[in-house]
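Q: Dropping a structure here in structure tokens format, bear with me for questions.
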Amino acid sequence: MRILVATDAWHPQVNGVVRTLTSLARSASALGAEIDFLTPDGFPSVAVPTYPGLRVALPNRREIARRIEAASPDAIHIATEGPIGWAVRAYCRRRRLAFTTSYTTRFPEYIAVRSIVPAWLSYAVLRHFHASASMTMVATSSLRQELGARGFRKLGNWTRGVDTDLFKPDDPVELDLPRPIFMTVGRVAVEKNLEAFLALNLPGSKVVIGDGPQKAVLEHRYPKAKFLGEKTGADLTSHMAAADVFVFPSLTDTFGVVQLEALACGTPVAAFPVTGPLDVIADHPVGVLDSDLRRACIGALSISREACRRFALERSWENSARQFIGNLSALQPSRSLRPARRMASRSAVQG
């Protein structure tokens, strides 16, 4: 099965969507599926006014058509609702081609905190975007219930996994900081609610790993916290394994794959009881969910690191890929794409 995934989020961005798609492609190949990506690469782009460092592509209709037809996919999946996603959606609708989508980012909430656009209006736009899909895949049951209540239809499940060969408790870095170490990892931006963590009165040390538009402001506002910048690969893993508690203060993530990555490193999670943590942690003995985040952080200190690792070992990307492919296999396109030569320079899956 040849699958084309259209996405506005791609390397060099470091976020959950990019990690999910990269891991999906690797695991899908072992299941006999081949995934190509239609990405912003090769298109002109513009900066996002309210988000320094982030750019969005400006795709043209002819090139979008060329790339899709060159890929000659058996199925098309649209992973994001940005310009690439809208352009591929328009192509499929013009040709009466079935396609699936996924809901991975709470854009209405993100936009609402950065502009005067109310969340209800953004939800109306996204509802329209996904209405034409044969299925809209979501990562958690709580998100599925929430979107269903907001009028989204044809919702399906697509869970997430974790690379337990990369994220493991071995070789934690030596951090010359007072214990316990409370750590958070991710984009340093207002929608991640980092101040709910940084403002807590906690023993030991607070560590932030990641970069983003709010980093300079938060470094100035919370000088006792350690901001270590962006880290990837084994360097990231060794730091996550060195933490005593992984703190996930976000109220807007649809899943939060970084929670599984922390657990794979043997680090228990402290979070609010909201979508994402409610689904990943739930009542499993690998984290503490509490509306009082400080209480969650202190409670997580007593959790077994071995239990966290065992829990993560049961959440594989192979199972995630199998579910994704199963969703596509169950949906028959209205017609096949015209056979065409494969793309000579298709977007490569990068680690």
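When we follow this note's numbering, the leftmost residue of the sequence shown carries the number 800, and every step to the right adds one.
Glycine included, C-beta positions come from ideal geometry on N, C-alpha and C.
The model shown is predicted, which means the values in this text are computed figures rather than measured ones.
Which two residues bound the contiguous beta strand (DSSP E) that contains Val804?
A: Numbered from its first residue, the sequence shown carries residue 804 at position 5. First-last of the beta strand (DSSP E) with Val804: 801-805.
Q: Could you tell me how far apart the beta carbons of Gly815 and Val1056 are, in whole angstroms, since I believe they sit closer than 8 Å?
A: Locating residue 815 in the sequence shown gives position 16, where the first residue counts as 1. Locating residue 1056 in the sequence shown gives position 257, where the first residue counts as 1. Yes, Gly815 and Val1056 are in contact; Cβ-Cβ is about 5 Å, under 8 Å.
Q: Drop a sphere of 10 angstroms on the beta-carbon of Lys1023, count the other beta-carbons inside from all chains shown, and report buried for 16 or more, exposed for fewer.
A: Along the sequence shown, one-based indexing puts residue 1023 at 224. The residue is exposed, with fewer than 16 neighbouring Cβ atoms inside 10 Å.
Q: Excluding five sequence neighbours on each side, which residues of the same chain lie with their C-beta closer than 8 Å to the C-beta of Val847?
A: Mapped onto the sequence shown, residue 847 falls at position 48. Closer than 8 Å at the Cβ level, and outside the excluded window around Val847, lie Leu853, Arg854, Val855.
Q: Bridge partners of Asp835, per DSSP?
A: For the purposes of this step, residue 835 is taken as the residue at position 36 of the sequence shown. Note: Asp835 sits in a beta bridge opposite Leu803.
Q: How would you call Val887, buried or exposed, if buried means at least 16 neighbouring beta carbons within 10 angstroms?
A: Your numbering for residue 887 matches position 88 in the sequence shown. Under this definition Val887 is a buried residue.
Q: Which partner residues does Ser871 have in the DSSP bridge list?
A: Within the sequence shown, numbered from 1, the residue matching residue 871 stands at position 72. In the DSSP output, where bridge partners are listed per residue, Ser871 has none listed.
Q: Can you have a look at Ile915 and say buried or exposed, based on whether 16 or more other CB atoms are within 10 angstroms of its CB?
A: Against the sequence shown, residue 915 aligns to sequence position 116. Exposed is the call here.
Q: So the beta strand (DSSP E) Ile980 belongs to, where does it begin and stop?
A: The residue you call residue 980 lines up with position 181 of the sequence shown. Its beta strand (DSSP E) spans residues 980-984.
Q: From the DSSP output, in three-state form, read off Gly884 for me.
A: As a first step, residue 884 must be located in the sequence shown, where it is residue number 85. Of the three classes helix, strand and coil, the one that applies to Gly884 here is helix, per DSSP.
Q: By a C-beta neighbour count over all protein chains shown, 10 Å radius and 16 as the cutoff for buried, is Arg818 buried or exposed?
A: Indexing the sequence shown from 1 puts residue 818 at position 19. Flag for Arg818 reads buried.
Q: Check each candidate in Gly841, Ala805, Gln812 and name the one with the smallest Cα separation from Ala824.
A: The sequence position of residue 824 within the sequence shown is 25, counting from 1. Checking every option, the nearest Cα to that of Ala824 belongs to Ala805.
Q: In angstroms with no decimal places, state the Cα-to-Cα distance between Val1148 and Leu976.
A: Numbered from 1 along the sequence shown, position 349 holds the residue referred to as residue 1148. Numbered from 1 along the sequence shown, position 177 holds the residue referred to as residue 976. Only weak support is given to the placement of Val1148: the predicted model assigns it a pLDDT of 37, under 50, and the value that follows is read from those uncertain coordinates. Spanning the two alpha carbons is a distance of roughly 37 Å.
Q: Examine the Cβ distances between the stretch 1034-1050 and the stretch 1061-1068 and report whether three or more of them are shorter than 8 Å.
A: Segments in contact, yes.
Q: What's the gap between the Cα of Ala923 and the Cα of Val1087?
A: In the sequence shown, residue 923 corresponds to position 124, counting from 1. In the sequence shown, residue 1087 corresponds to position 288, counting from 1. The straight-line gap from Cα to Cα measures roughly 34 Å.
Q: Could you spell out where the beta strand (DSSP E) holding Lys1005 opens and where it closes?
A: By 1-based counting over the sequence shown, the position of residue 1005 is 206. Its beta strand (DSSP E) spans residues 1004-1008.
Q: Let me confirm a value: Val845 is counted as buried when at least 16 other C-beta atoms fall within 10 Å, else exposed. Which label applies?
A: Taking the sequence shown and counting its residues from 1, one reaches residue 845 at position 46. It counts as exposed.
Q: With 16 as the cutoff for other CB atoms within 10 Å, does Asp1059 come out buried or exposed?
A: Along the sequence shown, one-based indexing puts residue 1059 at 260. Reading off the sequence, residue 1059 comes out as Leu, not Asp. Leu1059 should be labelled buried.
Q: Could you tell me which whole beta strand (DSSP E) segments of length 3 or greater appear in the stretch 1001-1067?
A: Runs of the beta strand (DSSP E) inside the stretch 1001-1067: 1004-1008, 1044-1047.
Q: With a threshold of 16 other CB atoms inside 10 Å of the CB of Val912, please say whether the residue is buried or exposed.
A: Counting from one through the sequence shown, the residue named residue 912 turns up at place 113. Its Cβ having fewer than 16 others within 10 Å, Val912 is exposed.
Q: Taking Ser941 and Ser1119 to be in contact with their CB atoms under 8 Å, please state how far apart those CB atoms are, rounded to whole angstroms.
A: Within the sequence shown, the letter at position 142 stands for residue 941. Within the sequence shown, the letter at position 320 stands for residue 1119. About 17 Å separates the two Cβ atoms, so there is no contact after all.
Q: Which full runs of the alpha helix (DSSP H) of 4+ residues lie inside the stretch 900-933, going along the chain?
A: Whole alpha helix (DSSP H) segments, 4+ residues: 906-913, 918-930.
Q: If we ignore side chains and look at the alpha-carbon of each, how far apart do Arg1137 and Cys891 end up?
A: Your numbering for residue 1137 matches position 338 in the sequence shown. Your numbering for residue 891 matches position 92 in the sequence shown. For Arg1137, the predicted model reports a pLDDT of 42, less than 50, meaning its position is unreliable; a value from the coordinates is still stated below. Near 13 Å, if we compare the C-alpha coordinates of Cys891 and Arg1137.
Q: Buried or exposed for Leu999, please, with buried defined as at least 16 other CB atoms from any protein chain shown within 10 angstroms of its CB.
A: As a position in the sequence shown, residue 999 is number 200, starting the count at 1. By the 10 Å Cβ count, Leu999 comes out buried.
Q: Beta-carbon within less than 7 Å of Lys967's beta-carbon, same chain only, minus the 5 sequence neighbours each way: which residues are those?
A: In the sequence shown, residue 967 corresponds to position 168, counting from 1. Thr1036, Ala1063, Cys1064, listed in sequence order.
Q: If you run the structure through DSSP and keep just helix, strand and coil, what is Thr939?
A: Position 140 of the sequence shown, counted from the start, is the residue given in the question as residue 939. In the structure shown, Thr939 sits in coil (DSSP, three-state: anything other than H, G, I, E or B).
Q: Using 9 Å as the threshold, is the C-beta distance between Pro1048 and Ala1070 below it?
A: In the sequence shown, the residue the question calls residue 1048 occupies position 249. In the sequence shown, the residue the question calls residue 1070 occupies position 271. Going by C-beta atoms, Pro1048 is nearer than 9 Å to Ala1070.
Q: Could you compute how far the alpha carbon of Cys1107 sits from the alpha carbon of Asp873?
A: Residue mapping note: residue 1107 aligns to position 308 of the sequence shown, counting from 1. Residue mapping note: residue 873 aligns to position 74 of the sequence shown, counting from 1. Looking at the two C-alpha atoms, the distance is approximately 39 Å.
Q: In three-state DSSP terms, what is Leu993?
A: Residue mapping note: residue 993 aligns to position 194 of the sequence shown, counting from 1. In this structure, Leu993 counts as coil in the three-state DSSP scheme.
Q: Can you tell me the Cα-Cα spacing of Thr899 and His929, whole angstroms?
A: Locating residue 899 in the sequence shown gives position 100, where the first residue counts as 1. Locating residue 929 in the sequence shown gives position 130, where the first residue counts as 1. About 8 Å.
Q: Would you tell me roughly how many angstroms separate the C-alpha atoms of Ile867 and Ser1115, rounded to the nearest one?
A: Position 68 of the sequence shown holds residue 867. Position 316 of the sequence shown holds residue 1115. The alpha-carbon atoms of Ile867 and Ser1115 are separated by roughly 30 Å.
Q: Take every Cβ of the stretch 988-1007, pair it with every Cβ of the stretch 1017-1031, and state whether three or more of those distances are shorter than 8 Å.
A: Verdict: yes, contact present.
Q: Can you grab the Cα-Cα spacing for the pair Leu1130 / Ile875, in whole Å?
A: Counted from its first residue, the sequence shown places residue 1130 at position 331. Counted from its first residue, the sequence shown places residue 875 at position 76. Cα-Cα distance, rounded: 11 Å.
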